[in-house]
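Here the structure comes first, spelled out in structure tokens, and everything after it is commentary.
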Amino acid sequence: MAKGWSHLSVPLPIRVVGLLIVGLSLGLAFPKDALVKNLYTSGTYFPRTIVTFAALFIFFLLAAATAKLILFHKDRAGKMFSLILTIYISMGAISLLYTTAWLAVLSDVPFSLPGQKSAGAGAWVMQVGHTFTHVLSQQPLLQALVGAMLIGWTCASISSLLPVAYGFISAGDMILKFFKKLLWYYPIMIGCLAIGIPMKFGLKGVALYGKGVLWVMIVTCVWVVLMIITARIFTKRTWKQILSYYGAVWPTGFGTGGSYDTLAINIISAEQDLGLDEDVAEVSIVFGTVLNKNCSTMSVLIVTIIAAKMLGIPISMSEILMLIPPVIILGLESPGIPGGAGFFMAPIIAVVLNVPDEAVWITTFVSLFSGLIPMFSTAGNTTDDGMVGALLQDCFPRLIGRTKDVVPARAAHA
Amino acid sequence: MRRILGIILALVGSWMLVSPQALLGLAQLKWMYKYAFPGEVLIGIVIIAIGFKLMDLKAPKVGKPSH
């Protein structure tokens, strides 16, 4: 990020928002201009290329993430490992159920589509199971997803297969380096894709994008308030500690739009403001940076509904519920780069929803999952990491090897 | 020789992960789908693993988390 456009010292999220506005304006003002149409088409090449290589990228990223967790963190984190993993996966599931409840209030999406019979809970589980079995046996992306977790875990656990795990880690790192080198292009691509929203869908498209941003803002900000209240009730952190932490980390996450870029300030603030012990802060926040994208997954569900409405694809709450398990898994491997969740989750969602034109779905999804949406998502993701650390330290002291129930920073603040 | 064979297998396995999905992506690369067959992804994963094993890779340096 030290080259190219960053010489202009304009932060990446500002460039994204700026070019998004330029793209929307161009699409509104010149919807039939050949040059503007070509600009839009140029923006579709990169996402379509990602679709071509999606199974390969998802496989290496998830296999690498799984192998890294086993190899590099298990011993260091000790008993914390399984506890943190459980907390983050549970939080991911709760976040998505919470978002689904919000969507039932905010959107007019029916529970089931006309012509579909309203099934009972057992029948619904059977339907989900049948759909996943069918999709898993037919779809390369989901095969890559499940295969990556299994082989990443196996190779990191068996010493004779460690070279394979190292290969996955190296390949995963190379893919992430490649994407980070292309971050300068991300705002340009978003600007080009944004042209398509008003060009293809008119003012209705722009209004739907605005509605998506508003829903993401409401859902993630209420979630943050709930997390603050939960932390105050269930941990020994003071209001001052919690609010100081949020005051430092939330704006940083919002400004960077990427959890990786927020990592340093997150760890420092968790220790200094939130008063977590150094090892608890480091383990919970490093793990969270890798594993926890719960607010991004909330935004993914919201953008799914907005994209479906924009493209005229019928969607129901039962399909949204069906998306929850794969989105939780994808949340564990989504790279912490701005808008990364959109790139890597869109193809899988297209498969699960069985959309008629996958490429159109992905370009629409990526252009919608931009601007303010990843910024609100990252702000929520990163602050949740600190709250998980607080829960670990104060609610599970014995499980993480604390014999004494000590909260030094609180004492210092008092 | 083992290393070269490992690289070739890793590339073949990578191809097998890309080819079934190629139909849905970039128009210029759709021709890759012609060579797809059922179960190709899972076989490709195993071939990549064999390739990496033959390459006998060493542990990469652990720095900051990359996700």
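Protein chains in written order, with the numbering used here: chain A, 299 to 712; chain B, 1172 to 1238.
Glycine is no exception: its CB is placed at the ideal position from the N, C-alpha and C atoms.
Reduced DSSP secondary structure (H/G/I, E/B, other) of residue i
i: arginine 696 of chain A; result: coil
i: lysine 591 of chain A; result: coil
i: lysine 502 of chain A; result: helix
i: glutamine 1192 of chain B; result: helix
i: asparagine 679 of chain A; result: helix
i: arginine 1173 of chain B; result: helix
i: arginine 535 of chain A; result: coil
i: valine 649 of chain A; result: helix
i: phenylalanine 1208 of chain B; result: coil
i: leucine 318 of chain A; result: helix
i: isoleucine 1178 of chain B; result: helix
i: valine 308 of chain A; result: coil
i: threonine 335 of chain A; result: Checking the sequence, you will find lysine at residue 335 of chain A rather than threonine. Correct three-state label for lysine 335 of chain A: helix.
i: isoleucine 613 of chain A; result: coil
Residue burial classification, residue i (beta-carbon count within 10 angstroms, cutoff 16)
i: methionine 1172 of chain B; result: exposed
i: arginine 696 of chain A; result: exposed
i: glycine 678 of chain A; result: buried
i: leucine 501 of chain A; result: exposed
i: proline 645 of chain A; result: buried
i: leucine 337 of chain A; result: buried
i: serine 380 of chain A; result: exposed
Through-space distance from residue j to residue i, alpha-carbon basis
i: lysine 1205 of chain B; j: proline 1191 of chain B; result: 9 angstroms
i: serine 340 of chain A; j: leucine 491 of chain A; result: 8 angstroms
i: arginine 1174 of chain B; j: valine 462 of chain A; result: 13 angstroms
i: glutamate 569 of chain A; j: threonine 681 of chain A; result: 13 angstroms
i: glycine 629 of chain A; j: leucine 1188 of chain B; result: 21 angstroms
i: proline 612 of chain A; j: alanine 606 of chain A; result: 7 angstroms
i: leucine 359 of chain A; j: leucine 572 of chain A; result: 32 angstroms
i: isoleucine 484 of chain A; j: glutamate 576 of chain A; result: For clarity, residue 484 of chain A is tyrosine in the given sequence; the question names isoleucine instead. Taking the straight line from one Cα to the other gives about 35 angstroms.
i: phenylalanine 585 of chain A; j: alanine 579 of chain A; result: 10 angstroms
i: serine 582 of chain A; j: aspartate 683 of chain A; result: 6 angstroms
i: glycine 1184 of chain B; j: glutamine 437 of chain A; result: 17 angstroms
i: leucine 599 of chain A; j: valine 686 of chain A; result: 23 angstroms
i: valine 332 of chain A; j: glycine 553 of chain A; result: At residue 332 of chain A the sequence reads alanine, which differs from the valine that was named. Approximately 35 angstroms, taken between the alpha carbons.
i: isoleucine 622 of chain A; j: leucine 448 of chain A; result: 20 angstroms
i: isoleucine 356 of chain A; j: threonine 533 of chain A; result: 37 angstroms
i: serine 304 of chain A; j: valine 504 of chain A; result: With a pLDDT of 49 at serine 304 of chain A, under the threshold of 50, the modelled position of this residue cannot be trusted; read the value that follows with caution. Each residue's alpha carbon lies about 29 angstroms from the other.
i: isoleucine 382 of chain A; j: leucine 589 of chain A; result: 10 angstroms
i: valine 403 of chain A; j: phenylalanine 370 of chain A; result: 43 angstroms
i: glycine 390 of chain A; j: threonine 397 of chain A; result: 11 angstroms
i: alanine 639 of chain A; j: alanine 454 of chain A; result: 25 angstroms
i: glycine 555 of chain A; j: proline 672 of chain A; result: 6 angstroms
i: methionine 487 of chain A; j: cysteine 693 of chain A; result: 45 angstroms
i: valine 649 of chain A; j: tryptophan 537 of chain A; result: 44 angstroms
Start and end residues, alpha helix (DSSP H) containing residue i
i: leucine 574 of chain A; result: Looking at the DSSP string, leucine 574 of chain A is not in any alpha helix (DSSP H), and its letter there is neither H nor E.
i: alanine 442 of chain A; result: 438 to 455
i: valine 1212 of chain B; result: 1211 to 1226
i: glycine 465 of chain A; result: 460 to 479
i: serine 665 of chain A; result: 656 to 666
Neighbouring residues, chain E, relative to residue i (Cβ below 8 angstroms)
i: serine 468 of chain A; result: As a matter of chain content, chain E is missing from the structure shown, whose protein chains are A and B.
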